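Our numbering runs 93 ahead of the 1-based position in the sequence shown.
Note that beta-carbon positions come from the ideal geometry of N, C-alpha and C, so glycine has one too.
The structure presented is a predicted model; accordingly, all values stated were derived computationally and were not measured.
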Amino acid sequence: MKEIMTVTGWQKPQALGFCHCHEHLMLSKGTSFARNPVLCMEDLEKSTEEVRRFLAQGGKTILEAQPGGCNRMEGALYQIAKATGANIVASTGFHKLIFYPENHWIRTISEEDFTRFLVHELSEGMYTDIDTEFHTDTVPYRAGILKTALDTEGLTPVYRRLFTAAARAAKETDVPLMVHIEQGSDPGALLDFLLEQGVSPKRLIFCHMDRSVEEPSYYTKILDKKVMLEFDTIGRFKYHGDEEEVELFVDLIRRGYEDQLLFSLDTTAARLKTYTPDGVGLDYILTTFVPALRAAGVTDAQICKISHDNCVRVFTD
Ligand SMILES: [Zn+2]
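Spelled out as structure tokens, the structure:
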């Protein structure tokens with residue numbers, strides 16, 4: 094069976110264990126920090142400790158969602174994986190353009206060059222020190238997933254160019270393509286675009302659509318095209334309580350979508366306990382949310398799908 098590329102090398106799908114499919118473990122100070130100070134986590138010891146707590150509760154794999162050129166700390170991810178034994182899958186791709194400086198290379202790179210960049214990060218090694226200027230130094234470990242972002246402005250010419258390159262890289266390397274779906278954007282239009290580009294819906298993960306709980310058709314029109322949905326408004330009470338989140342999972346399971354749901358915490362410094370003592374901590378899904386799902390009647394087999402089987406399938410099906 095196809096293996097999965099982590100920062101410490103290939104991993105067998107059956108070794109993924111309990112997965113968080115959209116996380117941020119390390120994030121250096123950049124434009125995102127200037128916009129929101131909780132978007133910086135650059136203390137290796139603290140982030141390592143969070144991963145240790147995640148593993149202690151039964152966690153194993155983290156898909157790290159910070160793309161290269163946007164304050165990704167690939168060296169630290171490697172160190173955390175080595176120190177803890179966690180499987181960490183790094184990202185290449187692009188984030189919302191508001192998280193880049195005005196003169197950043199990503200705004201002007203050609204579709205060809207960006208495709209080449211993505212494929213190189215996935216098949217040779219990740220570039221390093223590229224947050225302001227582009228440098229050609231690489232580390233010997235690779236990204237294992239594509240991370241992209243749809244903002245409310247939609248498919249403007251620059252986003253269209255970046256998404257086209259990401260689609261080409263996804264087809265060439267056959268890795269999953271995850272998309273940050275900004276609240277108020279149009280995921281249906283993006284999905285049509287990606288399918289037109291020939292991306293397999295089975296390799297797509299649409300993230301964060303649960304920021305506000307919407308009526309079911311908001312989710313089912315995407316799910317019916319076979320895309321995975323990753324939900325992470327868990328322990329994130331400024332949006333809604335966990336009760337609403339549990340109800341959303343229960344409802345979509347009842348509608349027959351248990352093979353297409355994933356979860357994670359999409360952490361920030363405000364949510365990691367080692368950075369903010371009253372944060373929920375990286376082990377919150379294991380300690381609190383999974384028991385809440387169980388209490389609502391979600392079975393262990395269904396939890397196993399959401400935490401493991403579905404993550405394996407998005408890489409291998
Ligand atoms: Zn994120």
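Range covered by the alpha helix (DSSP H) that runs through residue i
i	result
H197	No alpha helix (DSSP H) contains H197, which DSSP labels as neither H nor E.
L137	137-149
H213	204-216
K175	167-177
E340	335-347
F299	No alpha helix (DSSP H) contains F299, which is instead part of the beta strand (DSSP E) from 297-300.
E265	250-266
L358	No alpha helix (DSSP H) holds L358; DSSP gives it neither H nor E.
L120	From DSSP, L120 is part of no alpha helix (DSSP H); its letter is neither H nor E.
P384	383-388
I396	393-397
Helix, strand or coil at residue i [DSSP, three-state]
i	result
Q353	helix
L228	Before going on, a small fix: residue 228 reads as His here, not Leu. Note: H228 maps to coil in three-state DSSP.
Q290	coil
G161	coil
Q104	strand
I191	helix
G281	helix
Y312	helix
F330	coil
V407	helix
I223	coil
C133	coil
T185	strand
Limits of the unbroken beta strand (DSSP E) element including residue i
i	result
L156	152-157
V182	180-182
L243	238-243
T99	97-99
L270	270-274
L322	321-324
Nearest to residue i (by Cα), restricted to the options the options
i	options	result
F147	T177, F210, I238	T177
T266	E217, I327, Y332, K175	E217
H213	I346, R200, T229	T229
H117	T361, E289, C397, T392	T361
S357	Y377, E351, G372	Y377
L365	H115, L109, E142	E142
T326	K318, V320, D335, K319	D335
C404	D359, P370, L354, P384	L354
F192	L297, D402, A127	A127
I238	G186, T380, A282	G186
L375	S121, L109, A179	A179
A262	R347, A242, L379, L211	L211
T313	V391, A149, V292, F342	F342
T241	E338, K189, S310	K189
F330	D371, Y311, I315	D371
R348	P194, F286, S310, T221	S310
K319	E338, R406, G328	R406
M166	K153, I155, A183	A183
M134	M219, P294, M119	M119
Anything with a beta carbon under 5 Å from a heavy atom of ligand 1 counts; list them all in chain order.
A158, D359
Any chance the segment 168-176 sits against the segment 99-108, with 3 or more Cβ pairs inside 8 Å?
yes
Please confirm if the segment 389-405 is in contact with the segment 157-166, defined as three or more CB-CB distances below 8 Å between the two stretches.
no
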